[in-house]
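Engineer: First, the structure itself, so that you have it in front of you.
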Amino acid sequence: MSERVERTRNTGEPALELRGVHAAYGGIEVLHGIDLAVPEGAVVALLGANGAGKSTAVKVAAGLLAPTAGSVRVAGHDVTGAAAHDLARIGVCTIPEGRGVFPNLTVRENLWMATQVAAVTSGLGAVEATAFERFPQLGERRAQLAGTLSGGEQQMLALARALVTDPAVLLLDELSMGLAPIVVQRLYEIVAQVAREGISILVVEQFAQAVLGIADRAAIMVNGEITRAGTPSELGSELSSAYLGG
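Structural data, given as structure tokens:
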């Protein structure tokens, strides 16, 4: 990273900020100078149709794709070009599209892996107790292979693994994909609770109604550009456009 970044909150700066970010795959530019900020303790929804560039924005924020121009800042510090593992050490945690659990490990082993990566000081027993209190279903399946869980349970495990690391910023990419509405509702109830605990959250969603009930701010992305941003009430009818699934 360009400078040493302490893992702190309450800095007065956005927890995460993309400034004038361009990004490309090969010679094809996908992001065209986007500006996006996630205030501390807020839930920000990044909305748009498939192919709009939402997941690319998450990859840049997570350190999985270096921007071709612009900057990435965490708590006011320039971390442009930092690798994903470096950002993880300062509290930027990502749940990618497709859950991202280890399918051949049990629920308990998945949680244990998270404690090793994040150098969590709490013992595994304390970590499990906290995770299973939040997700009782996982406690009932603690010895079960993650790959045999339902889609909703895998997403719960992905969230539990992320929260084990005590992140400052949580990046969620298509949390609702392929899940039943009742499961999605439960997951977003947990996301809202996590935000109240002080974690700043960027949620990428194709379907606006899945996240707008808990979002403090929203941004609409079209063809690699953010066309509007504001509170859900400020954006009004634009958020019920057909391409957002409203």
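Positions 431 to 676 (my numbering) are the ones given, in order, by the sequence shown. The beta carbon of each residue, even a glycine, is placed where N, CA and C say it ideally should be.
Out of Leu541, Ala467, Thr595, Ala472, point me to the one whose CA is closest to Arg572's CA.
Structural biologist: Leu541
Engineer: Considering only DSSP beta bridges, list what Ala499 is partnered with.
Structural biologist: Per DSSP, His452.
Engineer: Would you please state the rounded distance, in angstroms, between the beta carbons of Asp603 and Glu539? I believe it to be under 8 Å.
Structural biologist: That pair is no contact at about 23 Å.
Engineer: Could you spell out where the alpha helix (DSSP H) holding Gly569 opens and where it closes?
Structural biologist: 566 to 570
Engineer: Starting from His515, follow its DSSP beta bridges and name the residues at the other end.
Structural biologist: Answer by DSSP bridge pairing: none, since His515 is not bridged.
Engineer: On the criterion of 16 or more Cβ atoms from any shown chain inside 10 Å, does Glu635 qualify as buried, or is it exposed?
Structural biologist: buried
Engineer: In whole angstroms, what separates the C-alpha of Ser663 from that of Arg449?
Structural biologist: Straight across, the Cα-Cα distance linking Ser663 with Arg449 is about 24 Å.
Engineer: Just to confirm the assignment, what range does the alpha helix (DSSP H) spanning Thr391 have?
Structural biologist: Because the chain here runs from 431 to 676, residue 391 falls outside it and cannot be looked at.
Engineer: Using the three-state DSSP reduction, which class does Leu600 fall into: helix, strand or coil?
Structural biologist: strand
Engineer: Using 8 Å as the Cβ pair cut-off and three pairs as the minimum, do the stretch 558 to 573 and the stretch 605 to 613 touch?
Structural biologist: no
Engineer: Going by the DSSP bridge assignment, what does Ser630 pair with across the sheet?
Structural biologist: Ser630 has Val599 as its beta-bridge partners, per DSSP.
Engineer: Who does Thr524 pair with in a DSSP beta bridge?
Structural biologist: Leu601
Engineer: Following the continuous beta strand (DSSP E) through Gly581, name the residue where it begins and the one where it ends.
Structural biologist: Gly581 -> not in any beta strand (DSSP E); alpha helix (DSSP H) instead, spanning 581 to 594.
Engineer: Using a Cβ distance threshold of 8 Å, determine whether the stretch 471 to 478 contacts the stretch 510 to 517, with at least three qualifying pairs required.
Structural biologist: no
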